[in-house]
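A.B. asks: Below: one structure in structure tokens.
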Amino acid sequence: MVGFREPLVIERVPDPTPGPEDAVIRVEASGICRSDWHGWMGDWTWLGLSPQLPITPGHEFGGEIVALGREVRDFQIGDKVTVPFHYACGHCEHCHAGVPNRCDHVGIYGFSWDGSFAEYVVVRNANMNLIRLPEGVDALTAAAVGCRFMTGYHGVMRGGVRPGQWVAVHGAGGVGLSAIQTAYAVGARVIAVDVDDEKLAKAREEGACEVVNAKNQPVVEAIREITKGGAHVSIDALGIRDTVLNSVLSLRKGGRHVQIGLTTSQEGGFVPLPMDLITSCEIEVVGSLGIPHPDYAGLLALVAEGRLRPRNLVEREVRLEDVNEVFDKMTRFETRGFNMITAF
1 MVGFREPLVI
11 ERVPDPTPGP
21 EDAVIRVEAS
31 GICRSDWHGW
41 MGDWTWLGLS
51 PQLPITPGHE
61 FGGEIVALGR
71 EVRDFQIGDK
81 VTVPFHYACG
91 HCEHCHAGVP
101 NRCDHVGIYG
111 FSWDGSFAEY
121 VVVRNANMNL
131 IRLPEGVDAL
141 TAAAVGCRFM
151 TGYHGVMRGG
161 VRPGQWVAVH
171 GAGGVGLSAI
181 QTAYAVGARV
191 IAVDVDDEKL
201 AKAREEGACE
211 VVNAKNQPVV
221 EAIREITKGG
231 AHVSIDALGI
241 RDTVLNSVLS
251 LRKGGRHVQI
261 GLTTSQEGGF
271 VPLPMDLITS
281 CEIEVVGSLG
291 IPHPDYAGLL
301 ALVAEGRLRP
311 RNLVEREVRL
321 EDVNEVFDKM
331 TRFETRGFNM
341 ITAF
């Protein structure tokens with residue numbers, strides 16, 4: 001990426017070499033995530049996530065280790081691996097507490113340094129950040145897990161969703177569909193909210209028992225009617241002012257709002273909330289970022305067992321040179337699932 005909102009350019013560069021604590025991964029599959037699109041658009045400067053150009057985007061990938069630094073102990077050349085999209089240092093209080101997704105020195109592939117829209121990518125602090133793939137999980141599936149699927153999964157976990165509860169998911173894109181599939185897998189009754197009937201149809205395929213089209217239905221009233229009082233847990237996967245407010249306002253007393261979608265340039269990180277309602281109804285507001293590294297193995301085990309199916313959300317496999325076309329479709333909100341680079 002050489003310029004914001006400018007076509008990405010493919011260039012030949014020297015193959016990377018690992019530092020003492022690093023690993024070089026041959027990328028077999030890389031997701032094209034809306035977060036990559038946001039970076040290309042120049043969004044999220046308020047989070048310090050505006051990349052320094054030029055940079056190689058990409059933060060969802062799976063592949064094979066081809067080179068290791070001398071201090072990497074836990075992996076071998078030839079291992080099939082993936083990573084959480086968020087780098088962790090392994091030394092701060094949050095890493096020591098088992099929540100490295102909150103690392104004080106967090107970095108994001110494709111934002112903080114070169115990412116996975118390439119044949120090879122360097123993983124820093126490999127002992128901490130590499131995740132070995134279990135049998136039955138290939139590189140394409142691993143790339144589909146992060147970041148969208150694992151973000152939706154962790155959001156459901158952060159919501160404390162229990163069997164039989166009503167869960168409303170606002171936004172049926174990649175992250176939202178991942179949350180829908182996960183909530184259904186744990187036995188929740190799921191309501192999908194979107195403005196696109198095709199996305200809502202896909203949401204039904206992934207486990208939503210009810211859908212609400214926000215373009216022609218009053219969202220809050222519809223959810224309260226379906227649930228007879230409001231959702232137990234509501235997840236906003238978009239970060240848009242209207243979806244955040246709809247999520248909070250459609251909860252029952254004691255409900256929990258989980259925010260997994262970052263805001264757009266229009267909100268700039270700030271959305272006003274109905275604080276008196278939150279106080280009087282004892283509503284909880286919970287943030288959720290990625291997934292803690294220690295939880296990744298459990299997530300991949302559920303995928304290997306077939307209880308979670310991120311491959312269901314793969315819309316198509318594309319070539320590296322197709323990225324600009326996918327970004328253009330994202331600008332027009334025409335993507336319906338995960339677009340995955342599998343040819344470099």
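Numbering (UniProt numbering), first residue to last: 1 to 344. From the three backbone atoms N, C-alpha and C, an ideal C-beta is built for every residue, glycine too.
1) Would L277 be called buried (16 or more neighbouring beta carbons within 10 Å of its own) or exposed?
2) Counting only the same chain and skipping the five closest in sequence on each side, list residues whose C-beta sits under 8 Å from that of D295.
3) Buried or exposed: which applies to F333, given that a residue is buried once 16 or more other Cβ atoms fall within 10 Å of its Cβ?
4) Confirm, please, whether the CB-CB distance from G159 to R256 is below 9 Å.
5) Starting from the Cα of P57, find the closest Cα among P274, A231 and G42 and give me that residue.
6) Looking at the secondary structure, which residues open and close the beta strand (DSSP E) in which residue 355 lies?
7) If you follow the alpha helix (DSSP H) that T279 is part of, which residue opens it and which one closes it?
8) For a test of the three-state rule: what should DSSP assign to L313, helix, strand or coil?
9) Excluding the 5 residues preceding and the 5 following D236 in the sequence, name in chain order all residues of the same chain whose CB lies nearer than 6 Å to its CB.
10) Could you tell me the distance, in whole angstroms, from the CA atom of W37 to the CA atom of P292?
11) What number of angstroms, rounded off, separates the C-alpha of E135 from the C-alpha of V81?
12) Could you tell me how far apart the beta carbons of V27 and A67 are, in whole angstroms, since I believe they sit closer than 8 Å?
13) Excluding sequence positions up to five away, which residues of its chain have a Cβ less than 6 Å from the Cβ of E206?
14) Quick one: using the 10 Å Cβ neighbour count with 16 as the cut-off for buried, is R124 buried or exposed?
15) Mark I226 as exposed unless 16 or more other C-beta atoms lie within 10 angstroms of its C-beta, in which case mark it buried.
16) What does the alpha-carbon distance come out to for the pair Q165 and R336?
17) My output table needs one value for D196: the three-state DSSP class, helix, strand or coil.
18) Taking the alpha carbon of P218 as the reference point, which residue from P14, A231, V193 and R309 has its own alpha carbon closest?
19) Beta-carbon separation of G48 and I65 under 9 Å?
20) Taking the C-alpha atoms as reference points, what is the distance between E92 and E60?
21) Alpha carbon to alpha carbon, how far is S280 from A142? Give it in angstroms, no decimals.
22) Would you tell me roughly how many angstroms separate the C-alpha atoms of I191 and V212, rounded to the nearest one?
23) Is DSSP giving M1 helix, strand or coil here?
24) Counting C-beta neighbours from all protein chains within 10 Å, is the total for G298 16 or more, i.e. buried, or is it exposed?
25) Can you give the Cα-Cα distance for G90 and V121, rounded to whole angstroms?
26) Which residue from F327, E305, M1 and N129 puts its Cα closest to that of G98?
27) Would you mind sorting P20 into buried or exposed? The rule is 16 or more other CB atoms within 10 Å of its CB.
28) DSSP state of F338, grouped into three classes?
29) Please report the distance separating the alpha-carbon of N312 from that of G229.
30) Which partner residues of Y296 appear in the DSSP bridge assignment?
31) Using DSSP with H/G/I as helix, E/B as strand and the rest coil, what is D74?
C.D. replies: Result, derived from the coordinates:
1) A residue is called buried when at least 16 other Cβ atoms come within 10 angstroms of its Cβ; L277 does not meet this threshold and is exposed.
2) Within the same chain, and ignoring the five residues on either side of D295 in sequence, the residues whose Cβ sits closer than 8 Å to its Cβ are H154 and M157.
3) So F333 counts as exposed.
4) Yes, these two residues count as a Cβ contact at 9 Å.
5) Considering only alpha carbons, the answer is G42.
6) In this structure the chain extends from 1 to 344, so residue 355 is not present and cannot be described.
7) Looking at the DSSP string, the run of the alpha helix (DSSP H) that includes T279 is M275 to S280.
8) In the structure shown, L313 sits in a helix (DSSP, three-state: H, G or I).
9) Cβ within range, chain order: H170, T243, V244, S247, Q259 and G261.
10) Going by the C-alpha atoms only, they are around 24 Å apart.
11) If I take the Cα positions, the gap works out to 11 Å.
12) About 13 Å separates the Cβ atoms of V27 and A67, ruling out a contact at the 8 Å cut-off.
13) Around E206: L177, I180 and Q181.
14) Buried, since its Cβ has 16 or more Cβ neighbours within 10 Å.
15) Classification of I226: buried, given that the 10 Å Cβ count is 16 or more.
16) Spanning the alpha carbons of Q165 and R336 requires a straight line of approximately 27 Å.
17) Coil.
18) Ranking the options by Cα distance to P218, first place goes to V193.
19) In this structure, I65 does not lie closer than 9 Å to G48 by Cβ.
20) The residue you asked about is not Glu; residue 92 is Cys in the sequence shown. Roughly 24 Å separates the two Cα atoms.
21) Rounded to whole angstroms, the gap between the alpha carbons of A142 and S280 is 43 Å.
22) A straight line joining the alpha-carbon of I191 with that of V212 spans about 7 Å.
23) If DSSP states are grouped into helix, strand and coil, M1 belongs with coil.
24) Counting Cβ neighbours within 10 Å, G298 comes out exposed, since fewer than 16 surround it.
25) In this structure, the straight-line span from the alpha carbon of G90 to that of V121 is close to 20 Å.
26) Out of F327, E305, M1 and N129, N129 has the C-alpha closest to the C-alpha of G98.
27) It counts as exposed.
28) Here F338 sits in strand by DSSP.
29) Cα to Cα, the separation comes out at about 32 Å.
30) Its beta-bridge partners do not exist; DSSP assigns none.
31) Coil at D74, not helix or strand.
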